[in-house]
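Protein chains in written order, with my numbering: chain A, 1056 to 1496; chain B, 1056 to 1496.
Here you go:
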């Protein structure tokens, strides 16, 4: 790799070579059967070179030196043809990294067999626990990735690691009621996936869903589950913390550092080193050290996250939030592992105190939220009616609102947290919000 | 491969080995610059084996015999664990194929350089023709695929071929007006991509869009362009022709063969052998010969399309419409190349006769259409107001309706057709519809 950097330095003022090797095994479920098992692996190298403030990016699906050399030449040709980016400052310098966490090598060599076994176990359990339930879908996967980021300023970081996940989607049919698809999952950095717990939670929700309750227009306490929180925040809230949006003036948080934007119970930060994290990265996609970046501390907005480019355009420092997009080869501002700090009490404690309200498991339509102002309009489904401290059945309703108003209505977070391995990786508890305006459907 | 079939026959009653090798080069544009050049290639093998009516599917990203052998074993393990599919009849038998068309080997070895050159030429042309236009996005690509489908009943088909595409998205800014993103493209089975024509058409539409015209509620003639037609039909109409939906009773076309469902001017068929086709396949994803399947002939509904599985469940024959899903490894019913037969006159002739109406270039929201009944609700954007036989400016409006009502309102199709390389591959002219109810926005 050093040789390739030397080679590239003849063509560029500065350059970066990022090599990604990955292996993924997976298996899927369709209608109570294993529908597929798959093993895939590969390597991709991205070259980012700058000559005279002209950028060239080339991608090649190989880690062989000869192919990387060709990609460097390709990037050099491109940079010659492109115009100058007058805002370009430079690629990152080496930084001080936290101590690497131990990798779990059993994830590197996992066979699809272990996933097939776990999925079959889950299907069997689900049908034993509820003979009216069908495992409509599901999947398990184990991924392993090795990344090597090296640049002509001396950045040279190698990282490796993996994660495993499983999910099941159940549909129950009983006495003329067909439940919505009920979903639960587990994800972790070892193969001890909690199939029993996952199925248990899904079956419980299916049981609730056999009793259909009409919804109505009202202002009630609503508990959003981790998956619902992840959906809403990923689209309506988290983009607002991007430094690129500060520069482009498209974040409603501009100029608000130190201001109260949420209830005291909410502390939110990004940190790949949380114990439940699926990927304890020491460096981001361009080799900048990762760290704990507090976004909201007891309701107070603490700051934005940056990659190297936008930080230098704005005159600040990267917070280690440059994420590589392997499709375009470029770096975007993103999150490693967004944590909503947990509280003390259990979900059961929270439910027990509610006279009338809802527990929301999933949201539909969150992707249409507007991160420029925080407005959203979503359908809560699956959602469960709580009356007299107990879940009484399933409902569907609409919530249209603004995420910043909602943040101020948060009244408590649960002690249990789960990691959500989809979209933006998040670690979230259940969060209770007071007086949420809902529209019956 | 014969050896591998022999090996698999010891484990299965019947099996299929499908090998896909591909190579893709591409380059992208962002804000008047080349943002990326990429070269990717790979191989994927899918095993589908059946033992005692129990199905096993395994996917491996390799075409090496040793890895394929492991995948066969993996699929065998899975089939043992799965339940019986009592509806299973068998994999396809060999059929009679049409004569293979000549492959264009220049596509197999194309370098990203040629794409970079074409994209730069397009950017330069666009800016020369309209100094207020920005090439917001764009891309060019050349793909090559080799497929080998072999099964234990003697099916053994090898096919290879490639295609190239280019698209540009322009945004114009003039006198306070910012146009919507205006898109045009070319795709073909050689490298002579028509960059000039593509840019010319896009610049023309940007010019129109500088003049913004309010829309209102009215019933008017509307010409849908090829891209708009492809969006609407892909989601609202084409799924209804699937034989799987006949079995599952989710198509509104059930029992209507021979009935008039559209205006006389509409003839629609699926045939990979059309001269503009990007992929003249002689066999589908499971080795069944492709053919011309007429869907609508001068307004009359002629029939459904089938893959091997659903055809045998229903008691009919595959029409050669089994398409491989490389994600799941399975076969779904799909189309090779849907052709809307062209008419005689030009788009200009049609526009010249309209006193007041619209030309619609793109639709938003078509993916939310309901193929169970044909209902749709879309935003026409970009769309252009026609008055007194001329395009006067750009408008945005809503069309909510039913695709089967719309089919009856078709009054003319243009002589020119273009191939749309995205979603379902289609070859479409412009189609004029009378008295379309639109809602101003």
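Backbone N, C-alpha and C fix where the C-beta goes; we use that ideal spot for every residue, glycine too.
Determine, using beta carbons only, whether residue 1126 of chain B comes closer than 9 Å to chain A.
yes
- Interface positions of the segment 1269-1299 of chain A facing chain B (Cβ-Cβ less than 8 Å), listed along the chain: none
I believe residue 1439 of chain A touches residue 1405 of chain A by the beta-carbon criterion, under 8 Å. Please report the beta-carbon distance rounded to the nearest angstrom.
Not quite, the Cβ-Cβ distance comes to about 13 Å (not below 8 Å), so this is no contact.
#### Entry: Candidates A:1465, A:1181, A:1172 and A:1093, of which the one nearest residue 1086 of chain A by Cα
A:1181
Which first and last residues belong to the alpha helix (DSSP H) in which residue 1404 of chain A is found?
1402-1407
Are the Cβ atoms of residue 1433 of chain B and residue 1278 of chain B separated by less than 9 Å? no
Q. Relative to the alpha-carbon of residue 1102 of chain B, which residue among B:1094, B:1114 and B:1216 has its alpha-carbon at the smallest distance?
A. B:1114
Count the other CB atoms, across all protein chains shown, that sit within 10 Å of the CB of residue 1186 of chain B; report buried if there are 16 or more and exposed otherwise. exposed
Going by the beta-carbon positions, is the gap between residue 1357 of chain B and residue 1375 of chain B smaller than 9 Å?
no
Item to complete: Select from the segment 1158-1173 of chain A all residues with a C-beta closer than 8 Å to any C-beta belonging to chain B, and list them in chain order.
Response: 1167, 1168 and 1171
* Kindly identify the DSSP beta-bridge partner or partners of residue 1425 of chain B. => B:1430
> Do the CB positions of residue 1373 of chain A and residue 1341 of chain A come within less than 9 Å of each other?
Replying inline: yes
So, with DSSP's three-state summary, where would you put residue 1359 of chain B? coil
* To do: Establish whether the CB of residue 1094 of chain A and some CB of chain B are separated by less than 9 Å.
  => yes
| said: Could you check whether the Cβ of residue 1132 of chain A sits closer than 9 Å to any Cβ belonging to chain B? | reply: yes
- Who are the Cβ neighbours of residue 1322 of chain A in its own chain at under 7 Å, not counting the five residues just before and after it? 1351, 1352, 1353 and 1396
Checklist entry - Skipping 5 residues on each side, what residues in its chain have a beta carbon closer than 8 Å to that of residue 1268 of chain A? => result 1440, 1447, 1448, 1449 and 1450
**Asked** Does the distance from the CB of residue 1301 of chain B to the CB of residue 1291 of chain B come in under 9 Å?
**Response** no
* Since residue 1114 of chain B meets chain A, which of its residues come closer than 8 Å, beta carbon to beta carbon? -> 1091, 1092, 1093, 1094 and 1095
Next item on the list: Mind checking the segment 1379-1403 of chain A against chain B and listing, in chain order, the residues whose C-beta falls within less than 8 Å of any C-beta there?
Entry: 1383, 1384 and 1385
- Message: Looking at chain A, is there any beta carbon in it that lies within less than 9 Å of the beta carbon of residue 1074 of chain B?
- Response: no
Note down the Cα distance separating residue 1359 of chain A from residue 1424 of chain A, rounded to an integer number of angstroms. 20 Å
_Can you confirm whether the segment 1063-1072 of chain B touches the segment 1128-1141 of chain B when touching is taken to mean that 3 or more C-beta pairs between the two stretches lie within less than 8 Å?_
yes
Using only the alpha-carbon positions, how far apart do residue 1287 of chain A and residue 1476 of chain A sit?
15 Å
If contacts are defined as beta-carbon pairs under 8 Å, then residue 1465 of chain A and residue 1285 of chain A qualify, I think. What distance do you get, rounded to the angstrom?
In fact, because the Cβ distance is near 15 Å, the residues do not count as touching under 8 Å.
| said: Determine whether the beta carbon atoms of residue 1072 of chain B and residue 1123 of chain B lie at a separation below 9 Å. | reply: yes
Where does the unbroken alpha helix (DSSP H) through residue 1047 of chain B begin, and where does it stop? Only positions 1056 to 1496 of chain B appear in the structure, and residue 1047 of chain B is not among them; the question remains open.
(request) Could you check how far apart the C-beta atoms of residue 1197 of chain A and residue 1084 of chain A are, in whole angstroms? I think they sit under 8 Å. (result) Rounded, the Cβ-Cβ distance is 16 Å, inconsistent with contact.
Using a Cβ-Cβ cutoff of less than 6 Å, which residues in the same chain neighbour residue 1272 of chain A once the five nearest sequence positions on both sides are dropped?
1494 and 1495
* Asked: Can you find at least 3 beta carbon pairs, one from the segment 1378-1386 of chain A and one from the segment 1104-1120 of chain A, that sit closer than 8 Å?
  -> yes
Rank B:1289, B:1220 and B:1234 by C-alpha distance to the C-alpha of residue 1243 of chain B and give the top, closest one. B:1220
- Task: Sort out for me which residues DSSP pairs residue 1347 of chain B with in a bridge.
- Result: None; residue 1347 of chain B has no bridge partner.
Original post:
Any C-beta of chain A sitting closer than 9 Å to the C-beta of residue 1087 of chain B?
Top reply: yes
Give the secondary structure of residue 1168 of chain A by DSSP, where H, G and I count as helix, E and B as strand, and everything else as coil.
helix
- Message: Can you find the residues in the same chain that come closer than 8 Å, C-beta to C-beta, to residue 1106 of chain A, ignoring five residues on each side of it along the sequence?
- Response: 1066, 1067, 1068, 1131, 1134 and 1135
Report, in whole angstroms, the separation of the C-beta atoms of residue 1478 of chain B and residue 1393 of chain B, which I expect to be a contact under 8 Å. Wrong, their Cβ atoms sit about 10 Å apart, outside the cutoff.
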